[in-house]
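Trainee:
Residue numbers (my numbering): 33 to 230.
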């Protein structure tokens with residue numbers, strides 16, 4: 033098989049020279065479509081094809097956290113290995129659209145899941161409210177709230193928030209204090225427009 037016509041001198045030593053047909057025949061995963069290395073020993077041993085190993089850390093998407101135990105076919109649909117997206121949203125679009133509290137879509141959350149979540153689990157999630165929106169972990173509002181619902185009274189839309197539940201300023205008093213302020217309105221969104229970082 034290797035020494036055709038009894039020829040021993042100059043016999044190629046590269047795996048692919050003898051195993052090109054095996055490489056082309058491999059369907060799960062499809063080595064040709066996946067543009068796999070033609071160095072067979074990068075995944076296989078010289079003893080047998082199976083079990084094969086693959087160092088995913090050498091790719092554009094090293095496997096971490098929950099991704100380590102994910103079946104190959106879950107990301108590589110129809111044995112497509114080349115050009116597989118590496119961004120969170122490509123695989124987790126349904127996970128992004130499912131939550132209602134908070135509603136990721138209506139709140140226009142980042143499609144980069146790692147902004148709030150780890151690669152190990154969805155919960156607990158963290159959200160850097162202070163640097164992205166309103167300081168609730170520092171400044172005057174630190175420790176003044178119990179949960180998201182303290183300010184975000186509409187769980188279907190976290191873009192709606194209330195300052196007036198805690199800041200019980202009478203409308204007459206606020207109207208008087210803001211008499212000469214252009215665009216003043218007695219509502220939470222207007223409070224935030226002028227007082228965004230207290």
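We treat Cβ as the ideally placed atom computed from N, Cα and C, and that holds for glycine.
1) Please give the ranges of any beta strand (DSSP E) in the region 64-105, keeping only runs that are unbroken, at least 3 residues long and fully inside the region.
2) Going by beta carbon distance, what residues of the same chain come within less than 6 Å of residue 96, once the five residues before and after it are set aside?
3) Compare the beta carbon distance of residue 75 and residue 86 with 9 Å and say whether it is the shorter of the two.
4) Does the beta-carbon of residue 190 have 16 or more other beta-carbons within 10 angstroms, so that it is buried, or is it exposed?
5) Applying the 10 Å Cβ sphere with the 16-neighbour rule, what's the burial state of residue 227?
6) Residue 60 to residue 111, Cα distance in whole Å?
7) Apart from the five residues just before and just after residue 193, which ones in its own chain have a Cβ nearer than 7 Å to its Cβ?
8) Count the other C-beta atoms from every protein chain shown that fall within 10 angstroms of the C-beta of residue 201, then say buried if there are 16 or more, exposed otherwise.
Mentor: Based on what the coordinates show:
1) none
2) 151
3) yes
4) Buried: at least 16 other Cβ atoms inside 10 Å.
5) exposed
6) 6 Å
7) 183, 184, 220
8) It is exposed - the Cβ of residue 201 has fewer than 16 other Cβ atoms within 10 Å.
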